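Chains A and B are the protein sequences, given in the same order.
Take the first sequence: its letters are residues 1 to 238, numbered as in my numbering.
Take the second sequence: its letters are residues 1 to 238, numbered as in my numbering.
Number of protein chains: 2
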Amino acid sequence: MTVAASISSKIVEAILSQQLTPDSRLGESELAALFNCSRTIVREAMLDLSARGIVTVSPRRGWFLTKVDAELARELYDARQIVEVGLLRHFAQKGRPLEQHLLLRLRAHLAEQQAALAEGHVGRRSYLLGNFHVCLAECLGNRLLAEKLRDFTVLTTLFTMRHQTPSDARMSYEEHVSVVEALASGRLDHACDCMSDHLGTWDAKVHMVREVDPLDGLRRALTPPMLEIRDETSEGKN
Amino acid sequence: MTVAASISSKIVEAILSQQLTPDSRLGESELAALFNCSRTIVREAMLDLSARGIVTVSPRRGWFLTKVDAELARELYDARQIVEVGLLRHFAQKGRPLEQHLLLRLRAHLAEQQAALAEGHVGRRSYLLGNFHVCLAECLGNRLLAEKLRDFTVLTTLFTMRHQTPSDARMSYEEHVSVVEALASGRLDHACDCMSDHLGTWDAKVHMVREVDPLDGLRRALTPPMLEIRDETSEGKN
DNA sequence: CTCCCCTACCTTGTATGCAACATTAATATA
DNA sequence: TATATTAATGTTGCATACAAGGTAGGGGAG
């Protein structure tokens, strides 16, 4: 794996496990120092992420994680619904059962999700819950769509991080289990419905979220006690 | 539009209109000279196309258009079917009619297709027949999927160019008309079926195509008259 | 004559230097 | 003191030089 590829995948992983906040700047020089390479290589990585819609560059200001607005989020959720349910439906039409080793792989992934959930490891939990969808797409036999789905998942994470969204990791996990079990027992239509519901609830959330006020912390710290502070300021004006 | 972006889109257009053969090499220096810029910029364009799966680099040998093998082609046709029919189905579920200006745009596009067909302008015809699918995806309100669909279309073209495929430009056009007319009259389920059939026939073709033998010309020139040539060679050994 | 090796050339890979511009801080002025 | 202007700093944008490696052609040995 080239250095550039490792930089971009590290960044993707960091987003998925919520270690990279949506407003963080990605400086070329800093990354070059961090990965012990030249800016050329870093640039290569950023260009890749840029082509995938994950970062955007503000000329001569820096690279930033893409700001996912409401319109983009809508397209994102629509796209995921179309691709993921479509993939399941397409698999159902073929009329062949899921190969054993693929089923094992999915179950192993579910076990990991459960472990991360039990341990309360937030980063890993977040990563695995997103990654499950990519894993499923791969198991359904389409790398092309699986890869694009990874990018969609990254953007989804960037959206939910910027907007407060009800936390429901356990519910997500259980819905994942339902999909896999439906697949395992050959109830393919039910698998489609489960996935549709799972993504549908997400879709409903887009309308529930409220923008996180970047000044929120500041505002809460200042607004009510503002007067007090003023008092103190005027009091001990040292 | 930056120079790098214009290079990559020029290459994409050239593929779609079949002006770039699948085995052509894309030299960095040559492109730099052609577009009057440095290799850095060309590289940027190639990296973009590479992220989209359209070109691949053979280390220190050069950049080439991606070789689409049978397995990739299968995923490609599956992906297109899933995305395009899914997009239509999703639109149908919303239960709103297609906005007037979008319908006009689609009909205008159909008219262009027909004109290119009538004029026998092969490049433009090929371009428009592929581009229709992107246009439709945009009209259905999902730029994210529309963009990915463009890349899929490019790869489809690269596949069909390398493999002999029955030519059926007129049939494709007529199937496009059917989809748009079904959309226009609100027969949304029928639109889905039309699109599914349209892509389905393509899917069937994947199994019909035969690899174009790169030695075919040579072989036909040599195989039957091989003996004659040997005779001549041994005869006039000048 | 055939085959192998070696050299010269050509291609991409990577680092670096300078240019262009945006931001910020400092300074001078009203 | 407030404001506008300017200088300093930091960032990406781009070109270029050189490194590394692949390919092909020529020359020599068998």
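Quick reminder that beta carbons are idealized off the backbone N, C-alpha and C, glycines included.
Values in this document were obtained by computation on a predicted structure and should not be read as measured data.
Which residues, in chain order, does the region 70–87 of chain A contribute to contact with chain B at a C-beta distance below 8 Å?
If the cut-off is 8 Å between Cβ atoms, the region 70–87 of chain A has Leu72, Glu75, Leu76, Asp78, Ala79, Gln81, Ile82, Val83, Val85, Gly86, Leu87 near chain B.
What is the rounded straight-line gap between the Cα of glutamate 175 (chain B) and the Cα of histidine 133 (chain B)?
Taking the second sequence and counting its residues from 1, the one referred to as residue 175 (chain B) is at position 175. Taking the second sequence and counting its residues from 1, the one referred to as residue 133 (chain B) is at position 133. Each residue's Cα considered, the two are about 12 Å apart.
Along the region 22–48 of chain A, what residues have a CB closer than 7 Å to any CB found in chain B?
Correct list: Glu44, Leu47, Asp48.
Note down, in chain order, each residue of its chain lying with its Cβ closer than 8 Å to the Cβ of leucine 76 (chain B), except the 5 sequence neighbours on either side.
As a position in the second sequence, residue 76 (chain B) is number 76, starting the count at 1. Excluding residues within five positions, the ones whose Cβ falls inside 8 Å are Val68, Phe152, Leu155, Thr156, Phe159.
Could you please give me the residues that DSSP links to leucine 65 (chain B) through a beta bridge?
Here the question's residue 65 (chain B) lines up with position 65 in the second sequence. DSSP output for leucine 65 (chain B) lists B:Val55 as bridge partner(s).
Can you give me the C-alpha to C-alpha distance between glutamate 181 (chain B) and isoleucine 54 (chain B), rounded to a whole angstrom?
For the purposes of this step, residue 181 (chain B) is taken as the residue at position 181 of the second sequence. For the purposes of this step, residue 54 (chain B) is taken as the residue at position 54 of the second sequence. The alpha-carbon atoms of glutamate 181 (chain B) and isoleucine 54 (chain B) are separated by roughly 33 Å.
I need the straight-line Cα distance from aspartate 189 (chain A) to valine 85 (chain A), nearest angstrom please.
As a working note, residue 189 (chain A) is residue 189 in the first sequence. As a working note, residue 85 (chain A) is residue 85 in the first sequence. Cα to Cα, aspartate 189 (chain A) sits roughly 10 Å from valine 85 (chain A).
With a threshold of 6 Å on Cβ separation, who are the neighbours of leucine 183 (chain A) within its own chain once the five nearest residues in sequence on each side are excluded?
Residue 183 (chain A) sits at position 183 when you count from the first residue of the first sequence. Closer than 6 Å at the Cβ level, and outside the excluded window around leucine 183 (chain A), lie Leu98, Ala191.
Take the Cβ of asparagine 36 (chain A) as the centre, count every other Cβ of all protein chains shown within 10 Å, and call the residue buried at 16 or more, exposed below.
Walking along the first sequence from the start, residue 36 (chain A) turns up at place 36. Burial call: exposed.
Quick one: list the residues of chain B neighbouring asparagine 142 (chain A), beta-carbon separation under 7 Å, in chain order.
Taking the first residue of the first sequence as 1, we reach residue 142 (chain A) at position 142. By Cβ distance, chain B contributes Glu75, Asp78, Ala79.
Take the Cβ of aspartate 78 (chain A) as the centre, count every other Cβ of all protein chains shown within 10 Å, and call the residue buried at 16 or more, exposed below.
Walking along the first sequence from the start, residue 78 (chain A) turns up at place 78. Classification for aspartate 78 (chain A): buried.
How is glycine 236 (chain A) classed by DSSP in three states: helix, strand or coil?
On the first sequence, residue 236 (chain A) is found 236 positions in, with the first residue counted as 1. With a pLDDT of 31 at glycine 236 (chain A), under the threshold of 50, the predicted position of this residue should be treated as unreliable, and no value is reported.
Check histidine 163 (chain A) in the structure and name its three-state DSSP category.
Residue 163 (chain A) sits at position 163 when you count from the first residue of the first sequence. Three-state DSSP puts histidine 163 (chain A) in a strand.
Would the beta-carbon of leucine 244 (chain A) fall within 8 Å of that of tyrosine 127 (chain A)?
Absent from the structure is residue 244 (chain A), since the part of chain A shown begins at 1 and ends at 238.
Report the three-state DSSP secondary structure of arginine 187 (chain B) (helix, strand or coil).
For the purposes of this step, residue 187 (chain B) is taken as residue 187 along the second sequence, with counting starting at 1. Coil.
Whose C-beta lies closer than 8 Å to the C-beta of valine 177 (chain A) among residues of the same chain, with five residues either side of it excluded?
Numbered from its first residue, the first sequence carries residue 177 (chain A) at position 177. So the qualifying residues of the chain are Leu110.
Ignore the nearest five residues each way along the sequence and tell me which others in proline 22 (chain B)'s own chain have a CB closer than 6 Å to its CB.
Reading the second sequence from its first residue, position 22 is the one you call residue 22 (chain B). Answer for proline 22 (chain B): Leu65, Leu158, Met161, Arg162, listed in chain order.
If the cut is a Cβ gap below 8 Å, which residues of chain A does histidine 90 (chain B) touch?
What you label residue 90 (chain B) is simply residue 90 of the second sequence in a count that begins at 1. Going along chain A in sequence order, the residues near histidine 90 (chain B) (Cβ under 8 Å) are Asp78, Gln81, Ile82.
Consult DSSP for leucine 49 (chain A) and reduce its assignment to one of helix, strand or coil.
The sequence position of residue 49 (chain A) within the first sequence is 49, counting from 1. In this structure, leucine 49 (chain A) counts as helix in the three-state DSSP scheme.
What residue does the alpha helix (DSSP H) around histidine 109 (chain A) start on, and which one ends it?
Taking the first sequence and counting its residues from 1, the one referred to as residue 109 (chain A) is at position 109. From DSSP, the alpha helix (DSSP H) with histidine 109 (chain A) extends over 100–119.
Buried or exposed: leucine 49 (chain A), going by 16 or more other Cβ atoms within 10 Å of its Cβ?
Against the first sequence, residue 49 (chain A) aligns to sequence position 49. Label assigned to leucine 49 (chain A): buried.
Suppose the cutoff is 7 Å on Cβ atoms and the five residues either side in sequence are ignored; what does the same chain contact list for threonine 56 (chain A) look like?
Residue mapping note: residue 56 (chain A) aligns to position 56 of the first sequence, counting from 1. Cβ within range, chain order: Ser50, Phe64, Thr66.
Give me the chain B residues within the contact set of alanine 51 (chain A), using Cβ-Cβ distance strictly less than 7 Å, ordered along the chain.
Taking the first residue of the first sequence as 1, we reach residue 51 (chain A) at position 51. By Cβ distance, chain B contributes Asp48, Ala51, Arg52.
In its own chain, which residues sit with a C-beta less than 8 Å from the C-beta of valine 12 (chain B), not counting the 5 before and 5 after it?
The sequence position of residue 12 (chain B) within the second sequence is 12, counting from 1. Closer than 8 Å at the Cβ level, and outside the excluded window around valine 12 (chain B), lie Leu49, Ile54, Arg150, Val154.
So is glycine 130 (chain B) buried or exposed if we call it buried at 16+ other beta carbons inside 10 Å?
Taking the first residue of the second sequence as position 1, residue 130 (chain B) is located at position 130. It counts as buried.
List the DSSP bridge partners of leucine 26 (chain B).
Residue mapping note: residue 26 (chain B) aligns to position 26 of the second sequence, counting from 1. Note: leucine 26 (chain B) sits in a beta bridge opposite B:Trp63.
Determine the DSSP secondary structure at asparagine 36 (chain A), reduced to helix, strand or coil.
The residue labelled residue 36 (chain A) in the question sits at position 36 within the first sequence. It is coil, neither helix nor strand.
Please return the same chain residues whose Cβ sits closer than 8 Å to the Cβ of arginine 105 (chain B), not counting the five positions on each side in sequence.
For the purposes of this step, residue 105 (chain B) is taken as the residue at position 105 of the second sequence. Within the same chain, arginine 105 (chain B) has close Cβ partners Cys135, Cys139.
Please state whether the Cβ-Cβ distance between alanine 45 (chain A) and isoleucine 7 (chain A) is less than 8 Å.
To locate residue 45 (chain A), count along the first sequence from 1; it is residue 45. To locate residue 7 (chain A), count along the first sequence from 1; it is residue 7. Yes, Cβ-Cβ distance for alanine 45 (chain A) and isoleucine 7 (chain A) is below 8 Å.
Give, in chain order, every residue of the region 130–162 of chain B whose Cβ lies closer than 8 Å to some Cβ of chain A.
The region 130–162 of chain B vs chain A, Cβ under 8 Å: Gly141, Asn142, Arg143, Leu144, Leu145, Lys148, Phe152.
For glutamate 129 (chain B), name the three-state secondary structure that DSSP assigns.
Translated into the one-based positions of the second sequence, residue 129 (chain B) becomes position 129. A quick correction: the sequence has leucine, not glutamate, at residue 129 (chain B). Three-state result, leucine 129 (chain B): helix.
Is arginine 60 (chain B) buried or exposed, if buried means 16 or more other CB atoms sit within 10 Å of its CB?
Indexing the second sequence from 1 puts residue 60 (chain B) at position 60. So arginine 60 (chain B) counts as exposed.
Less than 6 Å between C-beta atoms, sequence neighbours within five positions excluded: which residues of the same chain meet that for leucine 20 (chain A)?
Taking the first residue of the first sequence as 1, we reach residue 20 (chain A) at position 20. Ala14, listed in sequence order.
Return the chain-ordered list of same chain residues with a C-beta closer than 6 Å to the C-beta of glycine 120 (chain B), the five sequence neighbours on each side being excluded.
On the second sequence, position 120 is the one that residue 120 (chain B) refers to. So no residue of the chain qualifies.
Can histidine 90 (chain A) and isoleucine 41 (chain B) be called in contact, C-beta distance under 8 Å?
Numbered from its first residue, the first sequence carries residue 90 (chain A) at position 90. Numbered from its first residue, the second sequence carries residue 41 (chain B) at position 41. Not in contact: histidine 90 (chain A) and isoleucine 41 (chain B) (Cβ atoms no closer than 8 Å).
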